[in-house]
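Asks: Could you have a look at this structure, given as structure tokens, before my questions?
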Amino acid sequence: MKTFRDKVVVITGGASGLGREFANVAAREGMKLVLADVQADALERAADALRSQGAAVIARLCDVRKGEQVQALADAAIAEFGAVHLVFNNAGVGSGGLIWENTEADWEWVMGVNVWGVIHGVRIFTKLMLESAKSDPSFEGHIVNTASMAGLLNAPAMGVYNVSKHAVVALSETLYQDLQLVGAPIGASVLCPYFVPTGISQSHRNRPEDVRMTQGPTASQLAAQAMTDKAVSSGKVSAQDVAEKTFNAIADGDFYIYSHPGALAGVQERMEHIVAGSNPGDPYAATPHVREALRAKMKLG
């Protein structure tokens, strides 16, 4: 996708974090914006700020776990702007702790947003974009799914999140291959940020009542939350940096987008263990103090 001006972009999780920065870049590039989020006040503030800059914006409350709400978002985009060219399936939440301590509600919430949200976005918007391409020979589109380096690694005490993001990577790679198979004028990318200062570590603030925390938090969940808060807040690569890098990758047709390429050393080591058939490596081999701090917070001695 080479041109952005006057094209239509849909951004889930668009009221804050990476989604908000995607919106800033899109507005600067002259795109028409469709913002979706579950936090009404933040969504309206974001939309008003973008409109004050001259951008054409519609904002819709949307729980991406619900297919009918994602469909309503697509319908609103078409009704207002007539087409969709760029989609950021970006909404995401996090939850940590020892994997056997996560409740059914934890799994339903994280998988609902992180996996089903992307599934709904892909199945609904891809078909919509393919229909537009049939009637417009010049149509060009792109879909970006936000995964994480947790989709390529498996850090301890992040099980639910790891599982969800591995699913997004697999879904995105398959989407890319399927679009190539049929010769569609639509590109695909998977974004794998590492520790970037956004609000995801506090995503429980918007946890819906139907998947509320039913017990805990346990010592491991509190420890994982504290460690994640520290890592995210101390990140040196900003959400704005990631947004700029992502738009450059879209223009260049790049599939894999990394905020911290240096973290790929861990991915390479993991792949080498897989190919060799050896047991998973020690994630704290170079930082044993981190393991000891985590164990201490979990009261494991």
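Number 289 in the UniProt record's numbering belongs to position 289 of the sequence shown; there are no gaps in the numbering.
C-beta atoms are modelled at their ideal positions from N, C-alpha and C, and glycine is treated no differently.
Helix, strand or coil for residue 37, going by three-state DSSP, please let me know.
Replies: Numbered from its first residue, the sequence shown carries residue 37 at position 37. Three-state result, residue 37: strand.
Asks: Just the Cα atoms here: how many angstroms apart are residue 271 and residue 283?
Replies: Stepping through the sequence shown from its first residue, residue 271 is reached at position 271. Stepping through the sequence shown from its first residue, residue 283 is reached at position 283. So the alpha carbons of these two residues sit roughly 13 Å apart.
Asks: How long is the line joining the alpha carbons of residue 20 and residue 157, rounded to whole angstroms?
Replies: Here residue 20 corresponds to residue number 20 of the sequence shown, with the count starting at 1. Here residue 157 corresponds to residue number 157 of the sequence shown, with the count starting at 1. In a straight line, the C-alpha of residue 20 is about 28 Å away from that of residue 157.
Asks: Curious, which full-length beta strand (DSSP E) runs of at least 3 residues does the region 26–108 contain?
Replies: Complete beta strand (DSSP E) runs here, min 3: 32–37, 57–61, 86–89.
Asks: Could you check which residue in 9, 134, 94, 48 has the C-alpha nearest to that of residue 205?
Replies: Locating residue 205 in the sequence shown gives position 205, where the first residue counts as 1. Of the listed residues, the one whose Cα sits closest to residue 205 is 94.
Asks: My assumption, with CB atoms under 8 Å, is that residue 200 sits in contact with residue 92. Please give the rounded CB distance.
Replies: In the sequence shown, counting from the first residue as 1, residue 200 sits at position 200. In the sequence shown, counting from the first residue as 1, residue 92 sits at position 92. Yes, residue 200 and residue 92 are in contact; Cβ-Cβ is about 6 Å, under 8 Å.
Asks: Give me, in chain order, the residues of the same chain whose beta-carbon lies closer than 7 Å to that of residue 376; leave out the 5 immediate sequence neighbours on both sides.
Replies: Any question about residue 376 goes unanswered here, given that the chain covers just 1 to 301.
Asks: Looking at chain C, is there any beta carbon in it that lies within less than 9 Å of the beta carbon of residue 43?
Replies: Among the chains in the structure shown there is no chain C, since it carries only a single protein chain.
Asks: DSSP three-state call for residue 188: helix, strand or coil?
Replies: Start at 1 with the first residue of the sequence shown, and residue 188 comes out as number 188. If DSSP states are grouped into helix, strand and coil, residue 188 belongs with the strands.
Asks: Could you please give the first and the last residue of the uninterrupted beta strand (DSSP E) stretch that includes residue 145?
Replies: For the purposes of this step, residue 145 is taken as residue 145 along the sequence shown, with counting starting at 1. Taken as a continuous stretch (DSSP letters only), the beta strand (DSSP E) holding residue 145 covers 141–146.
Asks: Taking the alpha carbon of residue 290 as the point to measure from, which residue in 249, 231, 264, 265 has its own alpha carbon closest?
Replies: The residue given as residue 290 occupies position 290 in the sequence shown. Among 249, 231, 264, 265, the Cα nearest to that of residue 290 is on 231.
Asks: If residue 211 and residue 141 are in contact, beta carbons under 8 Å, what's the gap, nearest whole angstrom?
Replies: By 1-based counting over the sequence shown, the position of residue 211 is 211. By 1-based counting over the sequence shown, the position of residue 141 is 141. Contact doesn't hold; Cβ gap of about 32 Å is too wide.
Asks: Identify, in the order they occur along the chain, each residue of the same chain with its Cβ nearer than 8 Å to the Cβ of residue 6, setting aside the five sequence neighbours on each side.
Replies: Indexing the sequence shown from 1 puts residue 6 at position 6. Excluding positions up to five away in sequence, the list reads 30, 31, 32.
Asks: According to DSSP, simplified to helix, strand and coil, what is residue 182?
Replies: Position 182 of the sequence shown, counting from 1, holds the residue named residue 182. Of the three classes helix, strand and coil, the one that applies to residue 182 here is coil, per DSSP.
Asks: What residue from 107, 171, 116, 182 has the CA that sits closest to residue 130's CA?
Replies: The count along the sequence shown starts at 1 and reaches residue 130 at position 130. Taking only the C-alpha atoms, the option nearest residue 130 is 182.
Asks: By the DSSP assignment, the beta strand (DSSP E) with residue 381 in it spans what residues?
Replies: Only positions 1 to 301 of the chain appear in the structure, and residue 381 is not among them; the question remains open.
Asks: Buried or exposed for residue 296, going by 16 or more other Cβ atoms inside 10 Å?
Replies: Residue mapping note: residue 296 aligns to position 296 of the sequence shown, counting from 1. Classification of residue 296: exposed, given that the 10 Å Cβ count is below 16.
Asks: Going by DSSP in three states, residue 284 sits in which element: helix, strand or coil?
Replies: Locating residue 284 in the sequence shown gives position 284, where the first residue counts as 1. Here residue 284 sits in coil by DSSP.
Asks: Under 8 Å Cβ to Cβ from residue 76, same chain only, skipping five residues before and after it: list those, please.
Replies: Mapped onto the sequence shown, residue 76 falls at position 76. 34, 58, 60, listed in sequence order.
Asks: For residue 285, does the count of other Cβ atoms within 10 angstroms reach 16, so buried, or fall short, so exposed?
Replies: Here residue 285 is taken as the residue at index 285 of the sequence shown, counted from 1. Exposed, by the Cβ-count rule.
Asks: Classify residue 41 as buried or exposed, calling it buried when 16 or more other Cβ atoms lie within 10 Å of its own Cβ.
Replies: Residue 41 sits at position 41 when you count from the first residue of the sequence shown. It is exposed - the Cβ of residue 41 has fewer than 16 other Cβ atoms within 10 Å.
Asks: On the DSSP letters alone, give me the boundaries of the beta strand (DSSP E) that residue 250 sits inside.
Replies: Taking the first residue of the sequence shown as position 1, residue 250 is located at position 250. Taken as a continuous stretch (DSSP letters only), residue 250 belongs to no beta strand (DSSP E), being part of the alpha helix (DSSP H) at 239–252.
Asks: Buried or exposed: residue 24, going by 16 or more other Cβ atoms within 10 Å of its Cβ?
Replies: Taking the first residue of the sequence shown as position 1, residue 24 is located at position 24. Looking at its Cβ environment, which holds 16 or more other Cβ atoms inside 10 Å, residue 24 is buried.
Asks: Determine the direct distance from the alpha carbon of residue 79 to that of residue 280, and round the result to whole angstroms.
Replies: Start at 1 with the first residue of the sequence shown, and residue 280 comes out as number 280. Start at 1 with the first residue of the sequence shown, and residue 79 comes out as number 79. The alpha-carbon atoms of residue 280 and residue 79 are separated by roughly 50 Å.
Asks: Is it buried or exposed for residue 301, if we count other Cβ within 10 angstroms and need 16 for buried?
Replies: One-based indexing of the sequence shown puts residue 301 at position 301. Note that residue 301 scores 48 on pLDDT, short of 50, meaning its location in the model is unreliable and no value can be drawn from it.
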